[in-house]
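Student: Here it is: the structure, laid out below.
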Amino acid sequence: MEANVSITYQNKRLIASGTFFTFGEGETTLLLEYKNDYIKFVFDILNDESEHKNVISSRVVLPDTLRVTIQNYRMVMGNAVVGPTELGEMAGTSVFMLLSVRGAKSDGSKGITYSIYVQEGK
Numbered sequence: 811m812e813a814n815v816s817i818t819y820q821n822k823r824l825i826a827s828g829t830f831f832t833f834g835e836g837e838t839t840l841l842l843e844y845k846n847d848y849i850k851f852v853f854d855i856l857n858d859e860s861e862h863k864n865v866i867s868s869r870v871v872l873p874d875t876l877r878v879t880i881q882n883y884r885m886v887m888g889n890a891v892v893g894p895t896e897l898g899e900m901a902g903t904s905v906f907m908l909l910s911v912r913g914a915k916s917d918g919s920k921g922i923t924y925s926i927y928v929q930e931g932k
């Protein structure tokens with residue numbers, strides 16, 4: 811017998827979630843496909859000695875690509891969850907993301923946990 815899990819919050823349904831680890835500084839790409847549409851997330855990890863600590867910023871670089879820059883996250887225990895942030899639309903519905911980052915090792919690698927929701931009934 812197969813099991814299906816559906817997680818919803820009010821009128822939003824979880825379509826993707828997970829945790830991955832980066833190898834260190836540089837780019838890691840996540841491609842989300844949903845109903846013949848897609849969004850590419852480029853997670854850019856930066857570690858420097860600047861006064862900027864635990865900064866997450868993002869910008870749209872193409873209509874279907876979001877670059878998320880994660881700077882100086884060194885806390886092994888992680889940070890509070892960032893979001894939910896509305897990213898725009900995918901397959902004709904609003905898309906939201908929640909994100910948490912933690913430092914994994916002294917080499918600059920990070921553990922990234924994400925949850926992506928779509929708004930239902932739209």
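Numbering (my numbering), first residue to last: 811 to 932. Quick reminder that beta carbons are idealized off the backbone N, C-alpha and C, glycines included.
1) Measuring alpha carbon to alpha carbon, tell me which of 844, 883, 853, 852 ends up nearest residue 861.
2) What does DSSP give as the partner residues of residue 920 in its beta bridges?
3) What's the C-alpha gap between residue 814 and residue 824?
4) Might you give, ordered along the chain, the residues of its own chain that have their beta carbon closer than 6 Å to the beta carbon of residue 863, omitting 5 neighbours on each side?
5) State yes or no: is the C-beta of residue 901 within less than 9 Å of the C-beta of residue 819?
6) Would you call the CB atoms of residue 905 and residue 929 closer than 9 Å?
7) Looking at the secondary structure, which residues open and close the beta strand (DSSP E) in which residue 900 lies?
8) Is DSSP giving residue 836 helix, strand or coil here?
9) Between which two residues does the beta strand (DSSP E) containing residue 866 stretch?
10) Who are residue 816's beta bridge partners in DSSP?
11) Label residue 817 either buried or exposed according to how many other C-beta atoms from any shown protein chain fall within 10 Å of its C-beta, with 16 as the threshold for buried.
Tutor: The short version:
1) 883
2) 913
3) 13 Å
4) 882
5) no
6) yes
7) 892-900
8) strand
9) 865-872
10) Residue 816 is not bridged to any residue.
11) exposed
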